[in-house]
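Enquirer: No gaps in the numbering here: position 13 of the sequence shown is 4 in the working numbering, and each next residue is one more. Below is one structure. I have some questions about it.
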Amino acid sequence: MGVLSWWRALCAIAVLNVGLWLAVLQFGPGSGIHAGLQLALSGVYVLVCAYRSVLPRVDLERLVVVDTRLSSIFLGRSAATVAEICFALQLGLLVHQLGVHAGLPWVQMAAWAIPVFMIVAQGFCWHSVLTLNHITQAVESSLWAAGFSWMAVLLGAVALDSNGWVYALAIAGILGSISFVAYVLCVDVPMYWRRYQHGRTHGLAYMRLDQGARDAWQRRVPSGNWAAWKADALWLTPYFSFGVWVSIAMVFVPGA
-8 MGVLSWWRAL CAIAVLNVGL WLAVLQFGPG SGIHAGLQLA LSGVYVLVCA
42 YRSVLPRVDL ERLVVVDTRL SSIFLGRSAA TVAEICFALQ LGLLVHQLGV
92 HAGLPWVQMA AWAIPVFMIV AQGFCWHSVL TLNHITQAVE SSLWAAGFSW
142 MAVLLGAVAL DSNGWVYALA IAGILGSISF VAYVLCVDVP MYWRRYQHGR
192 THGLAYMRLD QGARDAWQRR VPSGNWAAWK ADALWLTPYF SFGVWVSIAM
242 VFVPGA
């Protein structure tokens, strides 16, 4: 696969995802605070992922497919921060609602620790983007893994105290969480560690935060070389497809 083919696939997925969200808006599960919150949070995530699919980038390497000001690393990371916080809140709300259905007040409270992990992760992500230090990108991924690990624990408690669709959804969530954690620990974190070591070996100079902000705003490295994109395409593709579908699917979880 070449970069152009991959980019076209991302654009097609973006159009599909926006269409799916609009269909849910029009014909979805109806009113209610829970459904309304999930729909709004999902809408932000869907739109930002569409933007980042049409104008993909790799933040620290400053790689872009389309060389335009809208491909700015700073703009993309800002949009991603908002979207990822929305997705994290969706996960917290999902587990909270399953805790309500299972009659587990402690799960309802503990569910809000899930987005805390992921919101803290944004700070480490921004540090890596501005300084070009991959080690804090590894920390960011580890915090996401910790959040999903905690989510699996809470869903395990829900599964033990429920049946029917609540039990089935809890089991699906556990399997999804474990799969995500395994991927992060086996693929993402080692990749960022290797990049950190490569930078150290080759004398990469880390930037001050103010320098990095200007660099992230202005510098772009257009590339059509698949070798430069391949490693990141492995996580960007499911992020912009399966991740969005999960976000939309959470709208359909009944409120209590």
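All residues carry an ideal CB built from backbone N, CA and C; glycine is no exception.
#1: On the DSSP bridge assignment, give the partners of Val55 in chain order.
#2: For Gln99 and Leu227, what's the separation of their Cα atoms in angstroms?
#3: Can you name, in chain order, every residue of its own chain whose Cβ lies under 8 Å from the Cβ of Trp117, other than the five neighbours on each side?
#4: Determine, using beta carbons only, whether Val242 and Gly19 come nearer to each other than 8 Å.
#5: Just list the alpha helix (DSSP H) runs in the region 20 to 47, keeping only unbroken ones of 4 residues or longer that don't cross its boundaries, in chain order.
#6: Please classify Asp24 as buried or exposed, where buried requires at least 16 neighbouring CB atoms within 10 angstroms.
#7: Report buried or exposed for Gly215, applying the criterion of at least 16 other Cβ atoms within 10 angstroms of its Cβ.
#8: Under a Cβ-count criterion, where at least 16 other Cβ atoms within 10 Å of its own Cβ denotes burial, should Val6 be classed as buried or exposed?
#9: With distances taken from CA atoms, which of Val56, Leu176, Trp135 is nearest Phe248?
#10: Rounded to a whole number of angstroms, what is the C-alpha to C-alpha distance between Asp50 and Asp206?
#11: What did DSSP end up calling Leu195 once you bin it into helix, strand or coil?
#12: Considering only the alpha carbon of each residue, which of Arg53, Phe65, Met198 lies closest to Trp208?
#13: Under 8 Å Cβ to Cβ from Leu225, same chain only, skipping five residues before and after it: list those, please.
#14: Determine the closest residue to Val91 out of Arg211, Leu145, Val237, with distance taken between C-alpha atoms.
#15: Could you work out which residue in Ala219, Pro47, Ser33 is closest to Leu11 when comparing CA atoms only?
#16: If you follow the alpha helix (DSSP H) that Ser132 is in, where does it begin and where does it stop?
Expert: If we stick to the structure as given:
#1: For this step, residue 55 is matched to residue 64 along the sequence shown. BP columns for Val55 point to Arg48, Pro213.
#2: As a first step, residue 99 is located in the sequence shown; it is residue number 108 there, counting from the start. As a first step, residue 227 is located in the sequence shown; it is residue number 236 there, counting from the start. One Cα belongs to Gln99, the other to Leu227, and the distance between them is close to 31 Å.
#3: On the sequence shown, residue 117 is found 126 positions in, with the first residue counted as 1. The beta carbon of Trp117 sits closer than 8 Å to the beta carbons of Arg68, Thr72 from its chain, once the five residues preceding and following it are set aside; these are given in chain order.
#4: Numbered from its first residue, the sequence shown carries residue 242 at position 251. Numbered from its first residue, the sequence shown carries residue 19 at position 28. Result yes, Cβ atoms of Val242 and Gly19 sit closer than 8 Å.
#5: The qualifying runs are 24 to 45.
#6: By one-based count along the sequence shown, residue 24 stands at place 33. Rather than Asp, the amino acid found at residue 24 in this sequence is Ile. So Ile24 counts as exposed.
#7: Here residue 215 is taken as the residue at index 224 of the sequence shown, counted from 1. By the neighbour-count rule (16 or more Cβ atoms within 10 Å), Gly215 is not buried but exposed.
#8: Taking the first residue of the sequence shown as 1, we reach residue 6 at position 15. Using a 10 angstroms sphere on the CB of Val6, the tally of other CB atoms stays under 16, which defines it as exposed.
#9: There is no way to answer for residue 248, as the model of the chain reaches only from -8 to 247.
#10: Locating residue 50 in the sequence shown gives position 59, counting from the first residue. Locating residue 206 in the sequence shown gives position 215, counting from the first residue. Approximately 11 Å, taken between the alpha carbons.
#11: Looking up residue 195 in the sequence shown gives position 204. Coil, per DSSP.
#12: Working through the sequence shown from its first residue, we reach residue 208 at position 217. With respect to the C-alpha of Trp208, the residue from Arg53, Phe65, Met198 having the closest C-alpha is Phe65.
#13: For the purposes of this step, residue 225 is taken as the residue at position 234 of the sequence shown. Once the five neighbours on either side are set aside, the close Cβ partners of Leu225 are Val178.
#14: On the sequence shown, position 100 is the one that residue 91 refers to. Measuring from the Cα of Val91, the nearest candidate turns out to be Leu145.
#15: If you number the sequence shown from 1, residue 11 lands on position 20. Closest option to Leu11, Cα to Cα, is Ser33.
#16: Walking along the sequence shown from the start, residue 132 turns up at place 141. Ser132 -> alpha helix (DSSP H) spans 125 to 151.
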